[in-house]
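Engineer:
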Amino acid sequence: MENISLNFVHSISDIGKKAWNAVAGIDNPFTRYEFLWALEESGCTTAETGWAPHHVVVYKQTDGEEKVIAVMPLYLKTNSWGEYVFDWSWANAYKSYGFEYYPKFVSAVPFTPSYGNRVFIESGEQTKAIIKLIRDKVIEKGEFIGASSWHILFPTESEHQQFGELGILPRIASQFHWFNKDYKSFDDFLQALSSRKRKNIRKERQQVKNQGVTFETVNGADINELQWEKFNQFYQSTYMMRGMQGYLNVEFFQMLSETMPEQLFMVIARQDKIMIAASLFFRSSEKVMGRYWGSARDYQFLHFETCYYQGQDYCIEHGLKSFDAGAQGEHKIQRGFEPIITYSNHWLANQGFSEAIDNFLSEERTHIEEYIEQARAQLPLKK
Numbered sequence: 215m216e217n218i219s220l221n222f223v224h225s226i227s228d229i230g231k232k233a234w235n236a237v238a239g240i241d242n243p244f245t246r247y248e249f250l251w252a253l254e255e256s257g258c259t260t261a262e263t264g265w266a267p268h269h270v271v272v273y274k275q276t277d278g279e280e281k282v283i284a285v286m287p288l289y290l291k292t293n294s295w296g297e298y299v300f301d302w303s304w305a306n307a308y309k310s311y312g313f314e315y316y317p318k319f320v321s322a323v324p325f326t327p328s329y330g331n332r333v334f335i336e337s338g339e340q341t342k343a344i345i346k347l348i349r350d351k352v353i354e355k356g357e358f359i360g361a362s363s364w365h366i367l368f369p370t371e372s373e374h375q376q377f378g379e380l381g382i383l384p385r386i387a388s389q390f391h392w393f394n395k396d397y398k399s400f401d402d403f404l405q406a407l408s409s410r411k412r413k414n415i416r417k418e419r420q421q422v423k424n425q426g427v428t429f430e431t432v433n434g435a436d437i438n439e440l441q442w443e444k445f446n447q448f449y450q451s452t453y454m455m456r457g458m459q460g461y462l463n464v465e466f467f468q469m470l471s472e473t474m475p476e477q478l479f480m481v482i483a484r485q486d487k488i489m490i491a492a493s494l495f496f497r498s499s500e501k502v503m504g505r506y507w508g509s510a511r512d513y514q515f516l517h518f519e520t521c522y523y524q525g526q527d528y529c530i531e532h533g534l535k536s537f538d539a540g541a542q543g544e545h546k547i548q549r550g551f552e553p554i555i556t557y558s559n560h561w562l563a564n565q566g567f568s569e570a571i572d573n574f575l576s577e578e579r580t581h582i583e584e585y586i587e588q589a590r591a592q593l594p595l596k597k
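Using our numbering, you'd call the opening residue of the sequence shown number 215 and step up by one each time.
(1) So who's on the other strand from methionine 508, going by DSSP bridges?
(2) Can you tell me where the beta strand (DSSP E) holding alanine 343 begins and where it ends?
(3) Over the uninterrupted alpha helix (DSSP H) stretch that includes tyrosine 449, give me the two end residues.
(4) For a test of the three-state rule: what should DSSP assign to phenylalanine 244, helix, strand or coil?
(5) Provide the residue span of the beta strand (DSSP E) that contains tryptophan 364, from first to last.
(6) Taking only three categories from DSSP, how would you classify leucine 562?
(7) Could you give the first and the last residue of the continuous alpha helix (DSSP H) run that contains alanine 238?
(8) If you count every other CB in all the chains shown that lies within 10 Å of the CB of tryptophan 302, and 16 or more means buried, which is it?
(9) Whole angstroms are fine: how far does the CA of alanine 387 sit from the CA of leucine 595?
(10) Check whether the Cβ atoms of leucine 494 and tyrosine 506 sit closer than 8 Å, and answer yes or no.
(11) Near threonine 452, which residues of its chain fall below 6 Å by C-beta distance, leaving aside the five closest residues on each side in sequence?
(12) Hey, how far is the Cα of threonine 292 from the Cα of asparagine 242?
(13) With a threshold of 8 Å on Cβ separation, who are the neighbours of histidine 391 within its own chain once the five nearest residues in sequence on each side are excluded?
(14) Report all residues from its chain with a CB closer than 6 Å to the CB of threonine 326; omit the five preceding and five following residues, and keep chain order.
(15) Looking at valine 299 and histidine 374, is the spacing between their C-beta atoms short of 8 Å?
(16) From leucine 383 to leucine 367, what does the alpha carbon distance come to, in whole angstroms?
(17) Using a beta-carbon distance below 8 Å, is glycine 381 in contact with chain C?
(18) Could you compute how far the alpha carbon of isoleucine 226 sits from the alpha carbon of valine 282?
(19) Would you mind stating whether alanine 361 and proline 317 have Cβ atoms separated by less than 8 Å?
(20) Starting from the N-terminal side, write out each stretch of the beta strand (DSSP E) that is 3 residues or longer and does not extend beyond the segment 268-353.
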């Protein structure tokens with residue numbers, strides 16, 4: 215491509231806020247500069263954590279000036295933690311045959327299983343040609359440094375198809391999202407459910423109230439230092455119960471409240487005026503995304519209320535179209551969340567493994583599609 219060049223940079227700050235956001239936009243909170251920069255600046259995405267930034271930036275020479283026309287988040291990974299598209303079995307298979315699976319390349323938002331654009335291209339530029347250029351250069355770089363593979367996680371359906379046409383193996387999975395069908399209130403939503411499910415949800419919400427729990431929604435700019443510290447304690451406790459350490463830290467959360475407060479809010483649960491749990495949500499112009507939560511101890515139905523019902527309430531109150539409450543969770547079906555398809559694409563350097571995984575993904579797709587149909591049949595919506 216004439217007057218077009220591509221570089222890899224080891225920090226998003228090498229591209230800069232103005233250039234990144236001019237191409238990527240800021241409506242999706244997870245792919246705007248501030249979110250990805252906070253991950254790096256707080257030490258969450260580093261070589262030490264297995265997420266070494268290796269971002270792609272495409273430049274165009276115009277009248278002697280170099281302009282950024284495309285960007286893509288890219289990380290050199292030395293593990294598979296925090297991805298939510300599971301390839302542990304692939305890594306084990308590589309190892310059993312004496313091959314090294316790590317390092318590998320990953321294009322994703324770290325620790326965030328939320329779909330969205332992964333390649334950002336300035337309007338008016340040649341989208342297909344630039345995606346092909348990125349494909350060629352990432353694979354070339356991967357082969358040069360000995361990376362086993364490249365994984366594009368949670369792209370849009372359009373990107374998924376474009377990468378698939380370029381030979382990057384397609385994979386599907388599923389999540390459960392809630393859709394606001396012009397509901398005027400939470401009770402209005404409940405009227406769309408079968409009688410038994412409607413009663414169950416009301417019973418759950420009432421039992422939370424009976425425990426003396428109250429809720430407060432705090433916008434990003436108004437979250438104070440003590441609330442962030444308590445939230446971080448709750449967040450870390452959810453990982454400690456599984457013998458793990460949380461991927462994120464309080465510095466990261468505080469940076470977000472300083473740099474992009476308009477796109478996050480915290481739901482705080484209190485009992486006797488004491489903060490006992492909290493959930494952190496993000497929002498775009500059309501959608502709410504529930505991401506992190508934790509509590510001081512186990513309270514009956516508190517997780518459902520704090521993470522699901524409060525998010526649904528917020529969607530209805532603010533006229534937002536949908537609610538992405540995170541990965542997995544079949545229990546969401548009975549609370550009105552509908553199954554959707556999510557996407558990923560995969561390139562593997564070893565031809566033999568690539569062919570084997572291609573066959574596996576074809577079989578897996580059939581099972582995923584059957585699972586989604588079965589899940590859809592369990593929706594509690596009135597017929």
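Glycine residues also receive a C-beta, built at the ideal position from the N, C-alpha and C atoms. Bear in mind the structure is a predicted one, so any value in this text is a computation, not a measurement.
Structural biologist: In brief:
(1) Reading the sequence as shown, one finds glycine at residue 508 and not methionine. In the DSSP output, where bridge partners are listed per residue, glycine 508 has Ala492.
(2) No beta strand (DSSP E) contains alanine 343, which is instead part of the alpha helix (DSSP H) from 341-359.
(3) 439-454
(4) coil
(5) 363-367
(6) strand
(7) 231-238
(8) exposed
(9) 23 Å
(10) yes
(11) Gly508
(12) 27 Å
(13) Ser536, Phe537, Asp538, Ala539, Phe551, Glu552, Ile554
(14) Phe244
(15) no
(16) 12 Å
(17) Absent here is chain C; the protein component of the structure consists of one chain.
(18) 13 Å
(19) yes
(20) 269-276, 279-286, 289-291, 318-321
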